[in-house]
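**Q** My structure is below; once you've seen it, I'll send some questions.
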Amino acid sequence: MLESTESLLPLKQGNTPLRVVCVGIQDHPLDELERLLSTLDLEIVGSARMASRTVNPATYVGKGKLDEVKALVEQKSADAVIVDIELSPNQLKNIESYLGKHTLDRPGVIIEIFSQHARSKEAKTQVELAKLQYILPRLAHLWTHFERQRGGMGNKGMGETQVEVDRRLVKKRMSNLRERLKDIENERKIQRSGRKDVLKVALVGYTNAGKSTLLNALTQSNVLAENKLFATLDASVRTLDPNSHPPIVAIDTVGFISRLPPSLIASFRSTLEELHEADLLLHVVDGSSPEAREQLEVTEEVLKELKVFDKPRITVLNKMDMIGNAVTSRNLVRVISPGSMALSALNQPEVIKLRDKILQHFLKDMEVYEVVIPYDESRLEALLHAHGSVEKTTHLEKGAFYRVRMTEGWAKKLGLEKYKT
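Using the numbering used here, the first residue of the sequence shown is number 1, and each one after it goes up by one.
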């Protein structure tokens, strides 16, 4: 069976990190690519830019630009070249052949990071599928980077080349992974059906905006939170506050990034489905980043692509502790996202204000029910407290009067209609 467990790049030469040259394209700054490569523990030894007015279908840029990069690679004794754009399979092959060094494009780097950070069975399956989708059209170029384990996968057909064998194996593996993801998606649907009457807020945002740290603070839990790009690939679900009524769950999701490979969005469909089920989106932005506005816009574009942009949304400018100036914070709110809330996930009083804002958002849209519950139906009284927000209680002769805010779903489930005053 073919497994795509090996890296798209040899990340180390023995015990020494791979020395790489970053190549930027057009006007995109290289800061983000450098952070991506740091996440892979690669050593960046130089950078270049391959701006070009016209795209060369064979190598993206002309020979002159490639010669400049080749000279830099030789000067820096680099082991590999990373290009900050998606290259066609032929362009990738031709550039690597011309430079004589391992070459990887931006989607390959992002997929490699996802591959390293996948922890759950679901995330590993999703990432492997995305990786194989990336590999398939590039097999003629990439197959030498991988070990192929074939046991029980069928014999080589007459006249087949090694690449044709690999292509057949990859397609079969992808088919198996898609079937596995269907099973996982069905399991998720069952899990979501158990939460259908629970209010849900989903945290979304650019990678490394501090979503997991904020989720931990909001829910007083311990979801993995690291200062790394794409540290979270699974949708973590936690109760917002055990003492809040009605109960609300908060869901962390995979972070977005500019020019995210479409295969990753497609592969993570079952995880991102949580956004469709959410009643409220909490858009977390790294307010300390110089690219905060651009990162906000990238996330909004992905939300549009996923058809959840019109959902109710609270925008949070996080990491205000790294700004350290209240006036600057207010200016950032005005410039980046008017009406947003600025805070630090490390400041508990500010987090409590956000939690209250989330609760108030849900309460204002709930129906108010005035009911009288007979004294012999104490179980129903307990359910009112558990799934609604009780505003008033009065003891009457025939039972207890309640004014309660509650979702229509729970009101129907509890049959409140027959207890109305």
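By construction, the Cβ of each residue, glycine as well, lies at the ideal position given by its N, Cα and C atoms.
Considering only the alpha carbon of each residue, which of R355, R313, K398 and A118 lies closest to H276?
**A** As a working mapping, residue 276 is identified with position 276 in the sequence shown. Selected option, being the one with the closest Cα: R313.
**Q** If you reduce the DSSP assignment to three classes, tell me which class G46 lands in.
**A** Position 46 of the sequence shown holds residue 46. Three-state DSSP puts G46 in a strand.
**Q** Take S337 as the anchor and find which of R293, N318, K353 and R379 has the nearest alpha-carbon.
**A** Within the sequence shown, the letter at position 337 stands for residue 337. Of R293, N318, K353 and R379, the residue nearest in Cα terms is R293.
**Q** On a CA-only basis, which of S289, E301 and L303 is nearest D321? Give me that one, please.
**A** Along the sequence shown, read from residue 1 onward, the residue named residue 321 stands at position 321. Ranking S289, E301 and L303 by Cα distance to D321 puts S289 first.
**Q** Note down, in chain order, each residue of its chain lying with its Cβ closer than 6 Å to the Cβ of V404, except the 5 sequence neighbours on either side.
**A** Working through the sequence shown from its first residue, we reach residue 404 at position 404. Around V404: Y369, L384, G388 and V390.
**Q** Among T299, V127 and I110, which one has its Cα closest to the Cα of A209?
**A** As a working mapping, residue 209 is identified with position 209 in the sequence shown. Taking only the C-alpha atoms, the option nearest A209 is T299.
**Q** Excluding the five sequence neighbours on either side, which residues of its own chain have a C-beta within less than 6 Å of the C-beta of K63, listed in chain order?
**A** If you number the sequence shown from 1, residue 63 lands on position 63. Excluding positions up to five away in sequence, the list is empty.
**Q** Find the nearest neighbour of R53 within the set V45, F401, D27 and L36, judged by alpha-carbon distance.
**A** In the sequence shown, counting from the first residue as 1, residue 53 sits at position 53. Nearest C-alpha to R53: D27.
**Q** Are S263 and A78 close, meaning C-beta to C-beta below 7 Å?
**A** One-based indexing of the sequence shown puts residue 263 at position 263. One-based indexing of the sequence shown puts residue 78 at position 78. In this structure, A78 does not lie closer than 7 Å to S263 by Cβ.
**Q** Any chance the stretch 363-379 sits against the stretch 236-245, with 3 or more Cβ pairs inside 8 Å?
**A** In short, these stretches do not touch, since the Cβ pair count stays below three.
**Q** Taking just the CA atoms, how far does G255 sit from L8?
**A** Residue 8 sits at position 8 when you count from the first residue of the sequence shown. Residue 255 sits at position 255 when you count from the first residue of the sequence shown. One C-alpha to the other measures close to 22 Å.
**Q** Given S47, which residues of its chain have a CB within under 6 Å of its CB, disregarding the five upstream and five downstream residues?
**A** Here residue 47 corresponds to residue number 47 of the sequence shown, with the count starting at 1. Same-chain partners within the cutoff: C22 and L30.
**Q** So, R106 versus D84, is the Cβ gap smaller than 7 Å?
**A** Start at 1 with the first residue of the sequence shown, and residue 106 comes out as number 106. Start at 1 with the first residue of the sequence shown, and residue 84 comes out as number 84. Yes.
**Q** Alpha carbon to alpha carbon, what distance is there between D166 and G154?
**A** Here the question's residue 154 lines up with position 154 in the sequence shown. Here the question's residue 166 lines up with position 166 in the sequence shown. For G154, the predicted structure reports a pLDDT of 45, less than 50, and the residue's modelled location is therefore unreliable. The matter cannot be settled from this model.
**Q** Name the DSSP bridge partner or partners of H283?
**A** Within the sequence shown, the letter at position 283 stands for residue 283. Beta-bridge pairing links H283 to V204 and T315.
**Q** Is it buried or exposed for S340, if we count other Cβ within 10 angstroms and need 16 for buried?
**A** Residue 340 sits at position 340 when you count from the first residue of the sequence shown. Buried.
**Q** Quick check: the Cα distance between Q149 and P349, rounded to an integer number of angstroms?
**A** If you number the sequence shown from 1, residue 149 lands on position 149. If you number the sequence shown from 1, residue 349 lands on position 349. Caution is warranted here: a pLDDT of 34 is assigned to Q149, below 50, making its placement in the model unreliable, and the coordinate value is therefore given only provisionally. Their backbone Cα atoms lie some 55 Å apart in a straight line.
**Q** Would the beta-carbon of A80 fall within 7 Å of that of K65?
**A** Reading the sequence shown from its first residue, position 80 is the one you call residue 80. Reading the sequence shown from its first residue, position 65 is the one you call residue 65. Cβ atoms of A80 and K65: not closer than 7 Å.
**Q** Between which two residues does the beta strand (DSSP E) holding L104 run?
**A** For the purposes of this step, residue 104 is identified with residue 104 of the sequence shown, where counting begins at 1. Start and end: H102 to D105.
**Q** Alpha carbon to alpha carbon, how far is K357 from L363?
**A** As a working mapping, residue 357 is identified with position 357 in the sequence shown. As a working mapping, residue 363 is identified with position 363 in the sequence shown. Taking the straight line from one Cα to the other gives about 10 Å.
**Q** Quick check on DSSP: helix, strand or coil for R405?
**A** Counted from its first residue, the sequence shown places residue 405 at position 405. DSSP places R405 in strand when its eight states are reduced to three.
**Q** Please state the DSSP three-state secondary structure of S389.
**A** Within the sequence shown, residue 389 is the residue found at index 389, counting from 1. In the structure shown, S389 sits in a strand (DSSP, three-state: E or B).
**Q** L132 to L343, Cα distance in whole Å?
**A** By one-based count along the sequence shown, residue 132 stands at place 132. By one-based count along the sequence shown, residue 343 stands at place 343. When rounded, the distance between both Cα atoms is 40 Å.
**Q** Please go through the same chain and pick out, in chain order, the residues whose beta-carbon is closer than 8 Å to the beta-carbon of K392, but skip the five residues on each side of it.
**A** Here residue 392 corresponds to residue number 392 of the sequence shown, with the count starting at 1. The residues are F401, Y402 and R403.
**Q** Here's the rule: buried if 16 or more other CB atoms are within 10 angstroms of the residue's CB, otherwise exposed. What is Q295?
**A** Counted from its first residue, the sequence shown places residue 295 at position 295. By the 10 Å Cβ count, Q295 comes out buried.
**Q** Please report how far the alpha carbon of K76 lies from the alpha carbon of L40, in whole angstroms.
**A** On the sequence shown, residue 76 is found 76 positions in, with the first residue counted as 1. On the sequence shown, residue 40 is found 40 positions in, with the first residue counted as 1. Cα-Cα distance, rounded: 20 Å.
**Q** Buried or exposed: where does Q91 fall if 16 or more other Cβ atoms within 10 Å of its Cβ makes it buried?
**A** For this step, residue 91 is matched to residue 91 along the sequence shown. Burial call: buried.
**Q** Excluding five sequence neighbours on each side, which residues of the same chain lie with their C-beta closer than 7 Å to the C-beta of K319?
**A** Along the sequence shown, one-based indexing puts residue 319 at 319. G210, D286, G287, S288 and S344, listed in sequence order.
**Q** From this set, L272, A202 and I265, which residue's C-alpha is nearest A250's C-alpha?
**A** By 1-based counting over the sequence shown, the position of residue 250 is 250. Of the listed residues, the one whose Cα sits closest to A250 is A202.
**Q** Could you give the DSSP three-state label for D252: helix, strand or coil?
**A** For this step, residue 252 is matched to residue 252 along the sequence shown. Of the three classes helix, strand and coil, the one that applies to D252 here is strand, per DSSP.
**Q** Taking the C-alpha atoms as reference points, what is the distance between G399 and A411?
**A** Translated into the one-based positions of the sequence shown, residue 399 becomes position 399. Translated into the one-based positions of the sequence shown, residue 411 becomes position 411. Computed Cα separation, rounded: 18 Å.
**Q** Alpha carbon to alpha carbon, how far is K182 from I44?
**A** By one-based count along the sequence shown, residue 182 stands at place 182. By one-based count along the sequence shown, residue 44 stands at place 44. Whole-angstrom Cα-Cα distance: 40 Å.
**Q** Can you give me the start and stop residues for the alpha helix (DSSP H) that R355 sits inside?
**A** As a first step, residue 355 is located in the sequence shown; it is residue number 355 there, counting from the start. Here the alpha helix (DSSP H) through R355 covers Q348 to K364.
**Q** Is DSSP giving M153 helix, strand or coil here?
**A** Position 153 of the sequence shown holds residue 153. For M153, the pLDDT reaches just 44, beneath the cut-off of 50, and the residue's location in the model is therefore unreliable, although a value from the coordinates is still provided. Here M153 sits in coil by DSSP.
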